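Q: In the working numbering, each residue carries its 1-based index in the sequence shown increased by 383.
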Amino acid sequence: MISKIKLHPNHTALGVGLIAIGLWLVANDRFFIWPPYAVDLANDDVWGALVMTVGAALLVWVLDDGRSIRWNRYLLIASAGIMAFLTVYQFMIWAVTGMYHSWISNAIITAFVLIMAQRSDTRHDD
Numbered sequence: 384m385i386s387k388i389k390l391h392p393n394h395t396a397l398g399v400g401l402i403a404i405g406l407w408l409v410a411n412d413r414f415f416i417w418p419p420y421a422v423d424l425a426n427d428d429v430w431g432a433l434v435m436t437v438g439a440a441l442l443v444w445v446l447d448d449g450r451s452i453r454w455n456r457y458l459l460i461a462s463a464g465i466m467a468f469l470t471v472y473q474f475m476i477w478a479v480t481g482m483y484h485s486w487i488s489n490a491i492i493t494a495f496v497l498i499m500a501q502r503s504d505t506r507h508d509d
């Protein structure tokens, strides 16, 4: 197991990080405060569960002996999309309300995921 983690430390870190972010979103029922009419939707636990699911899937991919290139692509696309959405949404909250949200760190994580995707194996896996 450790050898598999050593082969893909970035995927492991991203998976653990996404699970932590998902847990944070589930635990904080009033994290997002804007726009006022969408607060309940934005703070729904389904979003945290989605983030945790992608994180767990990344960890399963790391531990899987097959390590499908196709699934790697899908998981990195999902991770980049989630982090880009969080970055933009938290930036908008900061721009409108002046209350800082962690959009800068989310932008860094998004860049990290995009770099991972660029460096990933591009062989055909059909």
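Beta carbons are placed, not taken as given, at the ideal position from N, Cα and C, and that holds for glycine.
No experiment lies behind these values; they were computed from the predicted model shown.
#1: With respect to the alpha helix (DSSP H) encompassing Y420, which residues constitute its N-terminal and C-terminal limits?
#2: Work out the CA separation of M475 and V445 for me, nearest whole Å.
#3: Excluding the five sequence neighbours on either side, which residues of its own chain have a C-beta within less than 6 Å of the C-beta of I492, listed in chain order?
#4: Would you identify the three-state DSSP class for H394, choosing helix, strand or coil?
#5: Beta carbon of L497, beta carbon of A461: below 7 Å?
#6: If you count every other CB in all the chains shown that lies within 10 Å of the CB of W486, and 16 or more means buried, which is it?
#7: Leaving aside the five residues before and after G405 along the sequence, list all residues of the same chain whose C-beta is less than 7 Å from its C-beta, in chain order.
#8: Starting from the Cα of A494, find the closest Cα among D448, R450, I452, L397 and give me that residue.
#9: As a quick exercise: from V409, I402, F414, R450, pick the residue whose alpha carbon is nearest that of M545.
#10: Just tell me which of H391, V409, A425 has its CA closest to the CA of Y472.
#11: Contact defined as beta carbons within less than 8 Å: I believe V409 pairs with D428. What is the distance between those atoms, to the nearest angstrom?
#12: Assign I385 to buried or exposed, taking buried as 16 or more other Cβ atoms, counted over all protein chains shown, within 10 Å of its Cβ.
#13: Just the Cα atoms here: how many angstroms apart are I416 and L441?
A: Reading it off the structure:
#1: Per DSSP, Y420 belongs to no alpha helix (DSSP H) and is neither H nor E.
#2: 34 Å
#3: M466
#4: helix
#5: no
#6: buried
#7: G431, A432, V434, M435, G438
#8: L397
#9: No information on residue 545 is available, as it lies outside the stretch 384 to 509 that the chain covers here.
#10: A425
#11: 5 Å
#12: exposed
#13: 30 Å
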